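Participant:
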Amino acid sequence: MIGEFVQSGDYKGEKHVPVIEAPAKVKAGEKFQVQVSVGKEIPHPNKMEHHISWIQLYFKPADTKFLIELADFQFTAHGAAMDPTAVGPAHCEPIGTAAVKLAKSGTLYALSYCNLHGLWESSQEITVE
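Here our numbering = 1-based position in the sequence shown + 252.
So, in structure tokens, the structure goes:
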């Protein structure tokens, strides 16, 4: 049911789509880096009135039906200031990195939330050798 509310697209043409940067192949049990971000090709606004609140990273092993949550990145500084018309002293860009170890091949999924435009998703298959 939630699937009907989740948007997807090509991050090169849509600023809300989360980007997953991970190797296509990894060795079983060896640590590797996964970076997720929003706004890689087209910058996403990072303002109080329009921002990415969070990005979640999941893994679905090829032989199961359930997702495993790998990481949850919260972005809470969007130029916050006491005066909403002023530019605030701190910003938090929607980028997160996780060190991951996998035992099986499967698919990485990223889900992001824009306070104005809702949920967005992307995926990337990953092979474990």
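We put the CB at the ideal spot given by N, CA and C, even for glycine.
For clarity, every value in this text was computed on a predicted model and none was experimentally measured.
#1: Using a Cβ-Cβ cut-off of 8 angstroms (strictly less than) and excluding sequence neighbours within five positions of D262, which residues of its own chain qualify?
#2: Expressed to the nearest angstrom, what Euclidean distance is found between the alpha-carbon atoms of T316 and I307?
#3: Express the C-alpha separation of V380 and A355 in angstroms, rounding to a whole number.
#4: Along the beta strand (DSSP E) that carries L363, what are the first and last residues, could you check?
#5: Check whether the Cβ atoms of T359 and K312 lie closer than 8 angstroms to each other.
#6: According to the neighbour-count rule (16 or more other Cβ atoms, all chains shown, within 10 Å of its Cβ), is G281 buried or exposed?
#7: Buried or exposed for H330, please, with buried defined as at least 16 other CB atoms from any protein chain shown within 10 angstroms of its CB.
#8: P341: buried (16+ other C-beta within 10 angstroms of its C-beta) or exposed?
#9: To the nearest angstrom, how far is it from the Cα of V271 to the Cα of Q287?
#10: From the DSSP output, read off the bridge partner residues of E377.
#11: Tell me the rounded alpha-carbon separation between V290 and K267.
Facilitator: Working from what's here:
#1: V269
#2: 23 angstroms
#3: 7 angstroms
#4: G358 to C366
#5: yes
#6: exposed
#7: buried
#8: exposed
#9: 8 angstroms
#10: T359
#11: 7 angstroms
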